[in-house]
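Undergrad: What follows is a single structure, and I will ask about it in a moment.
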Amino acid sequence: MITKTFSIDKEDIDDKILKKASEIINDGELVAFPTETVYGLGADGLNSNACQKIFKAKGRPSDNPLILHISNKTMLYNLVDDINEDAKKLMESCWPGPLTLILKKSNKIPDIVTAGLDTVAIRMPSDKIASRFIEISNTPIAAPSANTSGKPSPTRAKDVFQDLNGKISMILDGGSCKIGIESTVVDCSEDNPVILRPGFYTFEDLQKIIPTITLDDSLISDEKTPRSPGQKYRHYSPNAKMKVYIGSNAANKMLEEANKFKNQGLKVGVLTFNDSISLFDDFKSMSFGDRDNLSYMSHVLFTALREMDNNGVDIILAEGVNENNLGKSIMNRMKKSASNNIFYI
Ligand code: TXA
Ligand code: MG
Numbered sequence: 335m336i337t338k339t340f341s342i343d344k345e346d347i348d349d350k351i352l353k354k355a356s357e358i359i360n361d362g363e364l365v366a367f368p369t370e371t372v373y374g375l376g377a378d379g380l381n382s383n384a385c386q387k388i389f390k391a392k393g394r395p396s397d398n399p400l401i402l403h404i405s406n407k408t409m410l411y412n413l414v415d416d417i418n419e420d421a422k423k424l425m426e427s428c429w430p431g432p433l434t435l436i437l438k439k440s441n442k443i444p445d446i447v448t449a450g451l452d453t454v455a456i457r458m459p460s461d462k463i464a465s466r467f468i469e470i471s472n473t474p475i476a477a478p479s480a481n482t483s484g485k486p487s488p489t490r491a492k493d494v495f496q497d498l499n500g501k502i503s504m505i506l507d508g509g510s511c512k513i514g515i516e517s518t519v520v521d522c523s524e525d526n527p528v529i530l531r532p533g534f535y536t537f538e539d540l541q542k543i544i545p546t547i548t549l550d551d552s553l554i555s556d557e558k559t560p561r562s563p564g565q566k567y568r569h570y571s572p573n574a575k576m577k578v579y580i581g582s583n584a585a586n587k588m589l590e591e592a593n594k595f596k597n598q599g600l601k602v603g604v605l606t607f608n609d610s611i612s613l614f615d616d617f618k619s620m621s622f623g624d625r626d627n628l629s630y631m632s633h634v635l636f637t638a639l640r641e642m643d644n645n646g647v648d649i650i651l652a653e654g655v656n657e658n659n660l661g662k663s664i665m666n667r668m669k670k671s672a673s674n675n676i677f678y679i
């Protein structure tokens, strides 16, 4: 299969290209598209055969359910049986945007989408290209992140191409994703909402909307099994081995380690903040920006991991952050990328 990439200008969206993309969707094939979080790998969410192709292209385990993306609330009412008051409040405050809600599913949804669960994940993206693409396709678009299963999520069209060239029909290139990490997933299928995956919307943000909201046990203790199937897999992993350092002396420790690995003949990559980057001129280094700008850090995190692999480093030494606010979402990804090789210095 030949994978074609088409550029789209967010400020002047060319409907002709999106019409072509929607025809591919309506024919049961796959199209990767930008969202405000990461790129998604889309299929017609009501077509089992089409959704099956997503699992094949990504090498995704079949027990990991997909998110259905919608462009307006009318679409939602066909897909779910019950929407409680808390879910309504979250939609009011956060949609369109980087929030995914888990709700009781209706019988219109193919089993493959929900991996046999009686709940379904739904998200209304705010990205203009994503929204218009769903609208023109006129069906909910099932879409996981558009990476090979286990790899860092793609934040640029070229990342998608790298993983899925030859496996999908089309990539819509809308530039680099604004947020850079995936949506916050909240389970609203039972009485009290639970955050299953932290994202751009943090625990602190959502507590302001639902004071009783809680974090899934697995986000509090690393020993607990996550309730969200996808959270239990190896994830966000660069090809290189990765170690993460946190604390006021982290950069110095990283320098010591970087020199040690270099002396062993390894190619070392370093990810740290602007104030420490100059320590690492002898290594392949990239900055997470200013230490107090966590939105920028989330924006560049996955791009940086992919660039390290593109540069063929053997080991990545990365500086982590405290788990407050967006720091919790960032560390949720970094811990998985580093297979829990986290050092508090
Ligand atoms: O920002 C995002 O959410 C991106 C963009 C493309 O929208 N999508 C994304 O999809 O990250 P994916 O498949 O990579 O992650 C979806 C997560 C997985 O951890 C999955 O297990 C969980 O949502 N999930 C989906 N349906 C679920 C359900 N019914 N119950 C619990 N967790 C569910
Ligand atoms: Mg994913």
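Residue numbering for the sequence shown follows the working numbering, starting at 335 and increasing by one per position.
In this text, a Cβ means the ideal position worked out from N, Cα and C, and glycines have one as well.
Please read all numbers here as calculations on a predicted model, not as lab measurements.
For R568, which residues in the same chain have their Cβ closer than 8 Å to its Cβ, ignoring the five residues on either side in sequence?
TA: So the list reads G484, K670, S673, once near-sequence residues are dropped.
Undergrad: For the beta strand (DSSP E) that contains F367, what are its first and last residues?
TA: 365-367 is the span of the beta strand (DSSP E), which, as asked, contains F367.
Undergrad: What whole-angstrom Cβ distance do D461 and T369 have, given they're in contact under 8 Å?
TA: Yes, D461 and T369 are in contact; Cβ-Cβ is about 5 Å, under 8 Å.
Undergrad: Near L528, which residues of its chain fall below 6 Å by C-beta distance, leaving aside the five closest residues on each side in sequence?
TA: Sequence check: residue 528 is Val here, not Leu. Same-chain partners within the cutoff: D521, T548, D550.
Undergrad: Taking the Cβ atom as the reference point for each residue, do K442 and L402 lie within a distance shorter than 8 Å?
TA: It is not a contact, given that the beta carbons lie outside the stated cut-off.
Undergrad: Quick one: measure Cβ to Cβ for A603 and V634, integer angstroms, because I've assumed they're closer than 8 Å.
TA: Per the sequence presented here, residue 603 reads as Gly, with Ala not at that position. About 14 Å separates the two Cβ atoms, so there is no contact after all.
Undergrad: Who are S341's beta bridge partners in DSSP?
TA: Answer is D507.
Undergrad: Who are the near neighbours of A584 in its chain, counting only those whose CB is closer than 6 Å to its CB and skipping five residues on each side?
TA: These residues qualify, in order along the chain: E653, I679.
Undergrad: For K512, collect the residues of the same chain with a Cβ closer than 6 Å to its Cβ; drop the 5 residues on either side in sequence, then sort them by chain order.
TA: Taken in chain order, the residues that qualify are E370.
Undergrad: Taking all protein chains shown into account, do 16 or more other C-beta atoms lie within 10 angstroms of the C-beta of K542, making it buried, or fewer, making it exposed?
TA: With fewer than 16 other Cβ atoms within 10 Å, it is exposed.
Undergrad: As a quick exercise: from L380, S621, V655, Y630, pick the residue whose alpha carbon is nearest that of E641.
TA: For the residues L380, S621, V655, Y630, the minimum Cα distance to E641 belongs to S621.
Undergrad: When you measure from the CB of R640 to every non-hydrogen atom of the ligand TXA, does any distance come out below 7 Å?
TA: Checking every heavy atom of the ligand TXA against the Cβ of R640, none is found closer than 7 Å.
Undergrad: In terms of residues, what are the limits of the beta strand (DSSP E) holding D416?
TA: Unbroken beta strand (DSSP E) run through D416: 414-416.
Undergrad: Are there 16 or more other CB atoms within 10 angstroms of the CB of Y411, so buried, or fewer, so exposed?
TA: Looking at its Cβ environment, which holds fewer than 16 other Cβ atoms inside 10 Å, Y411 is exposed.
Undergrad: DSSP three-state label for R466, please.
TA: Of the three classes helix, strand and coil, the one that applies to R466 here is helix, per DSSP.
Undergrad: What separation, rounded to the nearest whole angstrom, lies between the Cα atoms of I468 and E591?
TA: Approximately 48 Å between the Cα atoms of the pair.
Undergrad: Report the start-end ranges of each alpha helix (DSSP H) in the segment 529-601 that is 4 residues or longer and not cut off at the edges.
TA: Fully enclosed alpha helix (DSSP H) runs of 4 or longer: 537-543, 551-554, 584-597.
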